[in-house]
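Data first, discussion second: the structure below is written as structure tokens.
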Amino acid sequence: MEPSLARYIWTHTRKQQIWILMIVLLSMIPYFMSFDLPKLIVNGPIQGKGFEQPGATLPFMKLHYNLPFIGEVQFFSGFQLDRKETLLALSLVFLLLVVINGLFKLYINTYKGRLGERMLRRIRFDLIDRVLRFPPIYFKRVKSAEVATMVKDEVEPLGGFIGDAFLQPVLLGGQALTAMLFIMVQNVWLGMIAMVIVIIQIVLIPRMRRRLLVLGRQRQLTARALSGRVGEIVDGIGAVHVHDTSNYERADIAARLGLIFKIRFDLYQWKFMVKFLNNFLAQLTPFLFYMIGGYLVIGGRLDVGQLVAVIGAYKDLPGPMKELIDWDQDRQDVQVKYQQVVEQFTVEDIIAPGIAALAIDDPGPMTNPLSAVGLSMADDGGAMLLNRVSMQVKPAETVALVSTPTGGAEALAEAFARLNWPESGKVASGADDLLELPEAVTGRRMSYASSDVFLFQASLRDNLLYGLKHAPLTSVTYDGTAADQQRWNMDEARRSGNPDFDVHSDWIDYASAGATGPHDLFEAVRRVLDAVLLSRDILDLGLRSSADLTRHTKLAGRIVELRAALRTRLEQEGLRELVVPFEPGAYNTEATIGQNLLFGAAAGPELADKALAANPYFASVLKQAGLDSTLYEMGMEIAEQAIELFADLPPDHQFFQQLAFMSAEEIPAYETLLQRLKNRPYEAVSEADRAMIITLSFAYIEPRHRFGLLTDELMSKIVAARNRFYENLPPELHNAIERYDPAKYIAAATVMDNVLFGRVGNNHPDA
């Protein structure tokens, strides 16, 4: 990568930088005019200069020039205005200049902001592109958290600076020089005072800020090290708990945070010291202007309008000067950040860009034998795994590589898969070195499966088909506003140096999967799943997951049809009692008390699991139905019996797998709670303790647990409370629960629950 940030920016934004610099220079004209106008207003209509006689007028907007050898040439004689009209006209011109200057600033800031974001996008893409081309050994030496931090956070400040890289010194310098020139024109001595103060600021402040650069670099390095250390703890959390080193890790993190605190505190102290000095110098100049300028006005060597104009011009001088000094600080800071990132992303033996070039066409089969020629492989510590090994695998041959766990079989396989590079020798396909073949060939004609499998944060389908997404084979057709947005996206991608690939295109290589298109892809995938004995596992996983109805729009109706077909089939087979269905006016004895009360699937955290008993509205429904104290007593009984039966069992005992309302880890807590609440009336129990006890009753199923706690009267009360719950459901809970409906698909429930729409009988012989 280009080591100089300035050259990197200029290389990719030369035309845009030249254009915006021309706009900046053009903006200096109305900027200078806005300085002179207050003097004209004060000296003219306000003080009456030129309006000494009653009814006197002055020309407004008179255009005339004195040309060499010709004399005065008048283009427009102007409008004759009296004193008040002149005041109004000059004030409107001043307002117009304010608007024009504001529009210039708006355009310049918007343009440079867009330019900076494009370049930030380019830099981030370039870094990720380099990550995709790093040699395998690099990933064994760097932490993923550090790479992610550099791409996401450390280059973030570059985006704000890139638009200012060439524009800001010209804009701010131009504004400062314009203000300085105007002051000089009004009075040389006042101009000299302003110049001396500015020179002191330019020389002194940047020197003091060098310390800030050093501290900023230290802060960045320590923060990056902290990020990597945190990632290391997360990755090795098992070892931390196994070896009881969590307190050592806490001490290490505390020490690192202490170092970061010291650096940041020193940074703040030095930063505000520099700020204090800069502000003092900025305020010193107006003091001198008022004192010396006032003396000159009293002495008649400076008029009031000039002094007002000078003070007004100087008000616009410290701002650009301060921002110019800040720009220089930012320039040095981002250059340091950029160089650090470049150092981390500059590695030897990086893969050539052509190796990963996009290829739409099928590369054809690899018909040449695979061979290893004098191949030597080493592990991370330099120990040799293979030493000058030579072998050949011809087409249609099946070869097993056998070795001890520390032998070289796995290393040889990884060499053929290009996951590890040789220390010496080479792996080849015929006469071609595998490391020099395009990935479009090796990635589509070779495959590698190991025990170290990585799954992306995506759907199971996307992970299964990931190895087929080589190129955008079929484009997506966009209409209307979507087409306009897509054209804008592609145009911005090209302007930012990104590829204009559409991620929403169909990237799947159906031919390689043995399919002809999306319609028969599932059959091809199912054959593969059958071959690796995963079909049943995938089916179970799908049944226990929620369906994506936005993607599979017809699935809901089909599942409701399947629900009715299942009920009919069970009756035909004499298995009607195998599944007890949910019925709106009945209690389902095979479901929990909580499920019978809700009679729906929780779609949010408000009514899910243990939050149910603590929900204020649900608690009020139980109280109105007279169930709060009843379920509390039931929970107390469940806790007593469970503790009596299971307290002495080991935590891994199989009985705990059937105990839905209490885990082995919760038994000590409930023992303590029972001792505290024993013989205490319900009214004297806190809401938190009530919720903890009542939650036990929500998981109770009479046919499974058989504590004899569920009566017909209680079941009737629960059904009545269910109806009351939905009658007065507050608006904030409408989206938190999806009520069971025999003719409706329940989106918050799993596919299995939707098909069954009931609960399997615990005591049925075929359950």
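In this note's numbering, the protein residues as written are 379 to 1145. Think of the CB as a built atom: it goes at the ideal place given N, C-alpha and C, for glycine as much as any other residue. Here the structure is a predicted model, which means the values were calculated and not measured.
Practice item. Measure the CB-CB distance between residue 505 and residue 834 and report whether it falls below 8 Å. Key: Judged by their CB atoms, residue 505 and residue 834 are not nearer to each other than the 8 Å cut-off.
Review point. Can the beta-carbon of residue 968 be found less than 8 Å from the beta-carbon of residue 1137?
Key: Contact annotation: residue 968 and residue 1137 have beta-carbon atoms nearer than 8 Å.
Exercise for review: Determine the extent of the beta strand (DSSP E) in which residue 884 is found, giving its start and end residues.
Suggested key: Counting along the chain, the beta strand (DSSP E) containing residue 884 begins and ends at 884–886.
Review point. Do residue 755 and residue 786 have their CB atoms nearer than 8 Å?
Key: Contact flag set, yes.
Check your understanding: Taking 7 Å as the cut-off, is the CB of residue 1094 close to at least one heavy atom of the ligand GDP?
Key -> The ligand GDP is absent from the structure shown, which contains no ligand whatsoever.
Point to revise | Buried versus exposed call for residue 888 [16 or more other C-beta atoms within 10 Å across all chains shown] | key: When all chains shown are included, residue 888 counts as buried.
Check your understanding: How is the alpha helix (DSSP H) around residue 1122 delimited, first residue to last?
Key -> Unbroken run through residue 1122: none, as it is neither H nor E.
Exercise for review: With a 10 Å radius around its C-beta and 16 neighbouring C-beta atoms as the bar for buried, classify residue 1023 as buried or exposed.
Suggested key: In summary, residue 1023 is exposed, with fewer than 16 beta-carbon neighbours lying within 10 Å of its beta-carbon over all protein chains present.
Practice item. Go ahead and label residue 394 buried or exposed: buried means 16 or more other beta carbons lie within 10 angstroms of its beta carbon, across all protein chains shown. Key: Buried, since its Cβ has 16 or more Cβ neighbours within 10 Å.
**Study point:** Beta carbon of residue 645 nearer than 8 Å to that of residue 600
**Key:** In this structure, residue 645 lies away from residue 600, with their beta-carbon atoms at least 8 Å apart.
**Study point:** N- and C-terminal bounds of the alpha helix (DSSP H) containing residue 894
**Key:** Counting along the chain, residue 894 falls outside any alpha helix (DSSP H), and DSSP gives it neither H nor E.
**Study point:** Own chain residues within Cβ distance below 6 Å of residue 1097, not counting five before or after
**Key:** Exclusion of the five residues before and after residue 1097 leaves 965 as the residues of its chain whose Cβ lies within less than 6 Å of its Cβ.
Exercise for review: Evaluate the contact criterion for the stretch 1118–1128 versus the stretch 924–938: three or more CB pairs, one atom per stretch, below 8 Å.
Suggested key: Counting Cβ pairs under 8 Å, three or more are found: they touch.
Review point. Using the beta-carbon count (16 or more within 10 Å), is residue 881 buried or exposed?
Key: Counting Cβ neighbours within 10 Å, residue 881 comes out exposed, since fewer than 16 surround it.
Practice item. Excluding the 5 residues preceding and the 5 following residue 541 in the sequence, name in chain order all residues of the same chain whose CB lies nearer than 7 Å to its CB. Key: For residue 541, where only same-chain residues beyond five positions count, the Cβ hits under 7 Å are 490, 491, 493, 494.
Check your understanding: How many Å lie between residue 772 and residue 906 at the Cα?
Key -> Straight-line Cα distance between these residues: approximately 25 Å.
Review point. Should residue 529 and residue 502 be called a contact, given that it needs their Cβ atoms to be closer than 8 Å?
Key: Result yes, Cβ atoms of residue 529 and residue 502 sit closer than 8 Å.
Review point. Would you call residue 1094 buried or exposed, if buried means 16 or more other Cβ atoms sit within 10 Å of its Cβ?
Key: Residue 1094 is classed as exposed because its beta carbon has fewer than 16 other beta carbons within 10 Å across all chains shown.
Review point. Are three or more beta carbon pairs between the stretch 731–749 and the stretch 804–823 nearer than 8 Å?
Key: The stretch 731–749, when compared against the stretch 804–823, does touch it at the 8 Å Cβ threshold.
Exercise for review: Taking the CB atoms as reference points, tell me whether residue 744 and residue 807 lie closer together than 8 Å.
Suggested key: Yes, these two residues count as a Cβ contact at 8 Å.
Review point. Relative to the alpha-carbon of residue 539, which residue among 635, 855, 705, 973 has its alpha-carbon at the smallest distance?
Key: The shortest C-alpha to C-alpha distance from residue 539 to any of 635, 855, 705, 973 is the one to 705.
Check your understanding: When burial is assigned at 16 or more other CB atoms within 10 Å of the CB, is residue 1025 buried or exposed?
Key -> Under this definition residue 1025 is an exposed residue.
**Study point:** Buried/exposed call for residue 974, threshold 16 Cβ in 10 Å
**Key:** Buried, since its Cβ has 16 or more Cβ neighbours within 10 Å.
**Study point:** Identified DSSP bridge partners for residue 847
**Key:** Residue 847 has 886 as its beta-bridge partners, per DSSP.
Point to revise | Cα-Cα separation between residue 805 and residue 846, rounded to whole angstroms | key: Each residue's Cα considered, the two are about 24 Å apart.
Practice item. Within 10 angstroms of the Cβ of residue 673, are there 16 or more other Cβ atoms? Answer buried if so, exposed if not. Key: By the neighbour-count rule (16 or more Cβ atoms within 10 Å), residue 673 is not buried but exposed.
Review point. Does the beta-carbon of residue 405 have 16 or more other beta-carbons within 10 angstroms, so that it is buried, or is it exposed?
Key: A residue is called buried when at least 16 other Cβ atoms come within 10 angstroms of its Cβ; residue 405 meets this threshold and is buried.
Check your understanding: Opposite residue 979 in the DSSP bridges: which residues?
Key -> Answer is 1116, bridged to residue 979.
Check your understanding: Cβ of residue 1060 within 8 Å of Cβ of residue 1010?
Key -> Result yes, Cβ atoms of residue 1060 and residue 1010 sit closer than 8 Å.
Review point. Taking all protein chains shown into account, do 16 or more other C-beta atoms lie within 10 angstroms of the C-beta of residue 658, making it buried, or fewer, making it exposed?
Key: Residue 658 should be labelled exposed.
Practice item. Flag this pair as touching only if the stretch 1046–1054 and the stretch 945–956 have three or more C-beta atom pairs under 8 Å; answer yes or no. Key: By the C-beta criterion, the stretch 1046–1054 is judged not to be in contact with the stretch 945–956, since fewer than 3 inter-stretch pairs fall below 8 Å.
Point to revise | Contacts around residue 710, its chain only, beta-carbon distance under 6 Å, and the 5 residues preceding and following it disregarded | key: Cβ within range, chain order: 591.
**Study point:** Bridge-paired residues (DSSP) for residue 852
**Key:** Residue pairing by DSSP places residue 852 opposite 884 in a beta bridge.
Check your understanding: Assuming residue 716 and residue 536 make a contact with CB atoms under 8 Å, what is their CB distance in whole Å?
Key -> About 6 Å separates the two Cβ atoms, so the contact holds.
**Study point:** alpha helix (DSSP H) segment containing residue 579, residue limits
**Key:** Where residue 579 is concerned, the enclosing alpha helix (DSSP H) starts and stops at 566–613.
Exercise for review: Tell me the start and end of each unbroken alpha helix (DSSP H) in the stretch 755–831 that is at least 4 residues and wholly inside, in chain order.
Suggested key: DSSP runs (the alpha helix (DSSP H)) wholly in the stretch 755–831: 787–794, 817–823.
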